[in-house]
Every structure is written in structure tokens, then in C-alpha cells.
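The next block holds one structure in the form of C-alpha cells; read it before the comments.
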Amino acid sequence: MKIFRFLLILMTISFQFLIAQNLVIESEKGDSYIQYIIRHPLHTVKAINDEPKFLIEFDAKERKILRAEGIAEVVKFNSGNSNRDSHVMEVVEALKYPVISFKSNDIKLDGEDLTVFGLLTFHGITKEITMKGKAKFEMNSLVVDGDFKISLTEFKVKRPTLLFIPSDDSLKIIIHAKFNLPK
């Protein structure tokens, strides 16, 4: 009986030690952003949101990302043109659908090459996406850069127009996230 109790305590301590290796880390404010790029025959529009919230579950022992999540307020995207931004907010129904969010379900890391599979929710619709990118360890931080494309019509977003000419259906999303790792 004493041996069983000892083994149970040892297993509990070992399990807690293993769990303790996994950390939830939030991206650094001011060093992280999400950007979209959309093309129109007359020009290309870029807008940036420098206030997203990215979270990772990080295995400190193996130095790898286990899970990732991100959320950004739609109204925080800024293209440098307030009229354009107002029009985009109308098109994407920002009052009805105020956030864009992502939750990973699988992450592959091969050296610095990163592939993240997960679910993107935009305009009230959730779709599977795959993001390709890079994950680089720099001193005591992890920097993740990646991008993916979505179809506006698949998310039931009316394509913005200028002079009655619609923009491309493809919207490119770029992320940059910096995470400070424990020393």
C-alpha cells in the first residue's frame, strides 16, 4: 500500500512538472499586428491593426508552439484614409460582427518553416484556413510572421467598389506576432 501511495504521489508530481512546461504567452503590444491587403484595378489598399491579441500555448522544454489563437477588432484596422475605412466597416458590417478571430487545431514546425491549420471566424462565418509562415527564435523571444488568403464571397462579404468597379475577391491577411519567452 505504501508503494502504491508513493508511486501515485510520484506520478502526480511528474505530471504536474510536465504540465508546468507548457505556458500560455500573449503577444507583445506594440510589436505585433495584423494587416489586410486587397487589390482593386485602380489601386491596392493596405490596412493595419496594431492592437490584435495573439496567444500561444508554448512547450518551454521542447521550444515549440502547441496551440495558437488570435483576435482583432475590425474597427481598429487603419488604411490611412478615414473615408475608405468607414466604407469598409459598412461592407463588413463591423457593428454586427465586431471581431475577426482564429483558433488553431494543428501546428507544424520544420526548422523555421511554420504551417498553422485552424478555424477563422470573420463576418459571422467560420472556415478552415491554412497559414504559412516563419517562426524565429531571437534571444528571449519568438517572432511569428505568416499570411493566408480568404475569399470575401465565401465569407458573404460584398466586395467593395470604386467607380462601380469591384475589388478583387481575394483578401490577403498578414500577421506579425512577437512573444517574450521565459528566461
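Just so we're aligned, residue 1 is where the sequence shown starts under UniProt numbering, counting upward by one.
Even glycine gets a Cβ: it sits at the ideal position worked out from N, Cα and C.
For clarity, every value in this text was computed on a predicted model and none was experimentally measured.
DSSP on residue 8, reduced to helix/strand/coil?
Bear in mind that the predicted position of residue 8 carries a pLDDT of just 43, short of 50, making it unreliable; the figure below should be weighed with that in mind. Note: residue 8 maps to helix in three-state DSSP.
Is residue 155 helix, strand or coil by DSSP?
Of the three classes helix, strand and coil, the one that applies to residue 155 here is helix, per DSSP.
Whose C-alpha, out of 178, 179, 94 and 34, is nearest the C-alpha of residue 124?
Ranking 178, 179, 94 and 34 by Cα distance to residue 124 puts 94 first.
DSSP-derived helix/strand/coil call for residue 89:
Three-state result, residue 89: helix.
Give a yes or no on whether the C-beta atoms belonging to residue 100 and residue 120 are separated by under 9 Å.
The answer is yes: Cβ separation under 9 Å.
Cutoff 6 Å; reference residue 103; Cβ partners in own chain excluding five residues on either side
Sequence-distant partners of residue 103 (beyond 5 residues in either direction) whose C-beta falls short of 6 Å from its own C-beta, in its chain, are 69, 118 and 119.
Residue 104 bridges to which residues according to DSSP?
Answer is 118.
In its own chain, which residues sit with a C-beta less than 7 Å from the C-beta of residue 32, not counting the 5 before and 5 after it?
Counting only Cβ-Cβ distances below 7 Å, and skipping sequence neighbours, we find 52, 54, 176, 177 and 178.
Go to residue 33, then tell me how far its beta strand (DSSP E) extends in each direction, as first and last residue.
Residue 33: member of the beta strand (DSSP E) spanning 33-40, first to last residue.
Counted within 10 angstroms of its Cβ, other Cβ atoms place residue 133 as buried (16 or more) or exposed
Burial of residue 133 is indicated by the presence of at least 16 other C-beta atoms within 10 angstroms of its C-beta.
With DSSP as the reference, please indicate the residues paired to residue 57 in a beta bridge.
Bridge partners of residue 57: 24 and 67.
What residue range does the beta strand (DSSP E) around residue 43 cover?
From DSSP, the beta strand (DSSP E) with residue 43 extends over 43-49.
What is the residue span of the beta strand (DSSP E) that residue 176 lies within?
Looking at the DSSP string, the run of the beta strand (DSSP E) that includes residue 176 is 170-180.
Residue 171 versus residue 79 - alpha carbon distance
Distance between residue 171 and residue 79, taken at the CA atoms: about 14 Å.
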